[in-house]
Amino acid sequence: MRKPQSTGTFVLAAEIAGRLHRATKVAEQLSLTAKNAHAVSARAGQQASGFRAITSFIEDLAVNTISQASYISENAVSIAALATNRERTAQALEHFENVENGAADALYIDSIQSPARAARRALRHMDEDFTDRLLKLELQLEETQQQIRAASVISSTSKVEASQAGNFKPQLEVIAENIAVAAEEIKTYLQQARHLLSQANESLRKNRYREY
1 MRKPQSTGTF VLAAEIAGRL HRATKVAEQL SLTAKNAHAV SARAGQQASG FRAITSFIED
61 LAVNTISQAS YISENAVSIA ALATNRERTA QALEHFENVE NGAADALYID SIQSPARAAR
121 RALRHMDEDF TDRLLKLELQ LEETQQQIRA ASVISSTSKV EASQAGNFKP QLEVIAENIA
181 VAAEEIKTYL QQARHLLSQA NESLRKNRYR EY
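Take 1 as the starting number for the sequence shown in our numbering and just add one per residue.
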């Protein structure tokens, strides 16, 4: 039996959680920026009516992103915990099989075969659980990415609206730029998380049948 590969999945899941934690922090800043934009556009009155509508959307988006990214991060952490359990089970199975292969005629071999079968069953169930959890994680990430893509489009519109805000133009242009930067940062972290998730799926595909 090969050396267990669950450590790689643990690391990948932990890195996914890390990227999502960073995305959450940026979304929190985006929420504050949207609140500030709402206050400025309220003072600007009719000059910033279009911008005010955009900031309400951005604020809602930031709140949803914080909630979703936090939830996905928690799921990634649970996958990392599952990877740790799988690692222990795979190591135990490796020990049992080494004993089986080295002492097939020993009187106590029956006492090894039963826990070895149990470990194989546990690994199969864990791999099925991995598959389900990784699929759910992918769907959750895709949903969040779609929202952030919308934010990128809206940020471009906010720049146009800011340019038409009269005396409040400088303030709103800075805010519009901050919104664009935040949306891009979140998008980058989500893309990194998707890439890591692809690696985790590939690792599972390669190793699920070879270890036992």
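Where is the CB? At the ideal position from N, CA and C, for every residue including glycine.
Is residue j closer than 8 angstroms to residue i when the C-beta atoms are compared?
{"i": "residue 27", "j": "residue 186", "result": "yes"}
{"i": "residue 42", "j": "residue 172", "result": "no"}
{"i": "residue 17", "j": "residue 73", "result": "yes"}
{"i": "residue 63", "j": "residue 175", "result": "no"}
{"i": "residue 96", "j": "residue 116", "result": "yes"}
{"i": "residue 205", "j": "residue 141", "result": "no"}
{"i": "residue 12", "j": "residue 203", "result": "yes"}
{"i": "residue 80", "j": "residue 165", "result": "no"}
{"i": "residue 75", "j": "residue 135", "result": "no"}
{"i": "residue 10", "j": "residue 154", "result": "no"}
{"i": "residue 30", "j": "residue 147", "result": "no"}
{"i": "residue 59", "j": "residue 35", "result": "yes"}
{"i": "residue 112", "j": "residue 100", "result": "yes"}
Please confirm whether residue i has its beta-carbon closer than 8 angstroms to some beta-carbon of chain C.
{"i": "residue 116", "result": "In the displayed structure, chain C is absent; only one protein chain is listed."}
Going by C-alpha to C-alpha distance, which of the options sits closest to residue i?
{"i": "residue 69", "options": "162, 19 and 156", "result": "19"}
{"i": "residue 158", "options": "136, 80 and 183", "result": "183"}
{"i": "residue 90", "options": "80, 79, 60 and 126", "result": "126"}
{"i": "residue 14", "options": "205, 204 and 197", "result": "197"}
{"i": "residue 21", "options": "58, 190 and 34", "result": "190"}
{"i": "residue 128", "options": "201, 38, 112 and 37", "result": "201"}
{"i": "residue 71", "options": "33, 98 and 23", "result": "23"}
{"i": "residue 192", "options": "33, 161, 145 and 169", "result": "145"}
{"i": "residue 162", "options": "199, 8 and 46", "result": "46"}
Taking only three categories from DSSP, how would you classify residue i?
{"i": "residue 165", "result": "coil"}
{"i": "residue 202", "result": "helix"}
{"i": "residue 3", "result": "Only weak support exists for where residue 3 lies, its pLDDT of 45 falling under 50; the coordinates are left without a value."}
Where do the N-terminal and C-terminal ends of the alpha helix (DSSP H) with residue i fall, by residue?
{"i": "residue 48", "result": "Here residue 48 belongs to no alpha helix (DSSP H), and DSSP marks it neither H nor E."}
Verify the contact flag: residue i, CB atom, against every heavy atom of the ligand FAD, threshold strictly below 7 angstroms.
{"i": "residue 167", "result": "Ligands displayed in this structure: none; no statement on the ligand FAD is therefore possible."}
Checklist line | Segment contact, 8 angstroms Cβ cut-off, at least three pairs: the stretch 113-131 with the stretch 83-100 | finding: yes
Next item on the list: Evaluate the contact criterion for the stretch 66-86 versus the stretch 41-53: three or more CB pairs, one atom per stretch, below 8 angstroms.
Entry: The stretch 66-86, when compared against the stretch 41-53, does not touch it at the 8 angstroms Cβ threshold.
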